[in-house]
Amino acid sequence: MSSRTDFSLDPRTVLLLALMSAVHLGTWRDPVFLSGLVGALFLGALSAGALQGREMKMVRGALFLGVPLALVPLLGMPGRMWIELPAGIPITHEGLTQAGAALLRVAGFAFMAAWLSAVLPARALGGALAWWLSPLVRIGVPAERFALILSLTVEEVPVAAGRVTEIRKTIGAGPARRRMDAAVDHLAELFRDRIGRSSGPPAARLDLPPLPGTTPRDLLAAASVLVLFAVADGLGRPFLHP
Numbered sequence: 007m008s009s010r011t012d013f014s015l016d017p018r019t020v021l022l023l024a025l026m027s028a029v030h031l032g033t034w035r036d037p038v039f040l041s042g043l044v045g046a047l048f049l050g051a052l053s054a055g056a057l058q059g060r061e062m063k064m065v066r067g068a069l070f071l072g073v074p075l076a077l078v079p080l081l082g083m084p085g086r087m088w089i090e091l092p093a094g095i096p097i098t099h100e101g102l103t104q105a106g107a108a109l110l111r112v113a114g115f116a117f118m119a120a121w122l123s124a125v126l127p128a129r130a131l132g133g134a135l136a137w138w139l140s141p142l143v144r145i146g147v148p149a150e151r152f153a154l155i156l157s158l159t160v161e162e163v164p165v166a167a168g169r170v171t172e173i174r175k176t177i178g179a180g181p182a183r184r185r186m187d188a189a190v191d192h193l194a195e196l197f198r199d200r201i202g203r204s205s206g207p208p209a210a211r212l213d214l215p216p217l218p219g220t221t222p223r224d225l226l227a228a229a230s231v232l233v234l235f236a237v238a239d240g241l242g243r244p245f246l247h248p
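Heads up: the sequence shown runs through residues 7 to 248, numbered per the working numbering.
Set out below in structure tokens:
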């Protein structure tokens with residue numbers, strides 16, 4: 007099993023690569039190109055040691071939730087008949103293609119999220135997001151506060167999930183409403199404390215860390231991926247955007 011590796015790219019570059027991948031995951035239609043992108047994201051997550059522990063649980067959960075998304079087009083898409091289920095439900099070639107694309111997209115987003123979680127600390131993610139959103143400050147958007155709250159939330163999600171599990175085990179076979187109230191109360195207190203500290207006086211704030219300087223490696227990585235996506239979009243336009 008792979009071990010986690012330190013990622014030397016600038017957080018702003020990492021976030022840019024993730025954004026470009028997300029856009030193309032959502033817009034590409036050809037299964038070959040889509041499979042290639044998902045495969046690249048899988049290899050990236052694997053090389054970063056992201057397919058283990060908490061990240062692997064997240065990937066499995068996302069894939070499980072992706073099954074209903076695939077069933078909708080699989081069972082309801084009109085088109086050329088492929089097979090008919092015993093209940094008389096037709097499965098079409100178009101429905102099969104759309105269902106496969108839906109599963110690929112869910113898998114791609116899951117691998118990308120696992121990769122980001124493994125290589126980019128939540129505070130670094132917040133700093134990169136604040137930098138990209140900084141032009142919006144001129145029109146009154148509190149970009150840094152938004153990024154800080156997001157990074158604190160990302161930090162606390164695994165802790166919150168663990169605490170919910172502990173609460174459910176402690177309460178045992180009580181009414182469902184009581185279990186839900188206990189979990190929600192704990193989560194509300196947890197996030198209220200974190201967000202309150204982010205909006206307090208300057209001395210009490212949990213500031214975002216300073217970003218490192220951009221290196222030639224960052225520029226090369228960003229330019230290479232931009233060129234690859236541009237070439238794929240240009241050569242595969244009839245297939246990617248039918």
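Using N, Cα and C, we set each Cβ at its ideal position, and we do this for glycine too.
Taking 6 Å as the limit between beta carbons, can you name the residues of its chain near residue i, skipping five residues before and five after?
i           : result
residue 21  : 134
residue 111 : 31
For residue i, does the count of other Cβ atoms within 10 angstroms reach 16, so buried, or fall short, so exposed?
i           : result
residue 222 : exposed
residue 88  : exposed
residue 90  : exposed
residue 234 : exposed
residue 113 : buried
residue 27  : buried
residue 229 : exposed
residue 153 : buried
On the DSSP bridge list, what partners appear for residue i?
i          : result
residue 89 : 97
Cβ of residue i less than 7 Å from any chain C Cβ?
i           : result
residue 128 : Among the protein chains of the structure shown there is no chain C, as only one such chain exists.
Excluding the five sequence neighbours on either side, which residues of its own chain have a C-beta within less than 8 Å of the C-beta of residue i, listed in chain order?
i           : result
residue 227 : 15, 19 and 23
residue 206 : Its pLDDT being 43, under 50, residue 206 is placed unreliably in this model, and the coordinates cannot settle the point.
State the CB to CB distance for the pair residue i and residue j, rounded to an integer number of angstroms; the pair is presumed to be in contact (CB under 8 Å).
i           : j           : result
residue 142 : residue 105 : Not really, about 38 Å apart at Cβ, beyond 8 Å.
residue 76  : residue 108 : 5 Å
residue 93  : residue 51  : No, residue 93 and residue 51 are not in contact; Cβ-Cβ is about 38 Å, not under 8 Å.
residue 136 : residue 150 : 5 Å
What does a CB cutoff of less than 7 Å around residue i pick up in its chain, not counting 5 residues either side in sequence?
i           : result
residue 102 : 80 and 88
residue 99  : 85, 86 and 88
residue 41  : 110
Checklist entry - In chain order, which continuous runs of the alpha helix (DSSP H) of length 4 or greater are located wholly inside the segment 50 to 85? => result The segment 50 to 85 contains these whole alpha helix (DSSP H) runs: 59 to 82.
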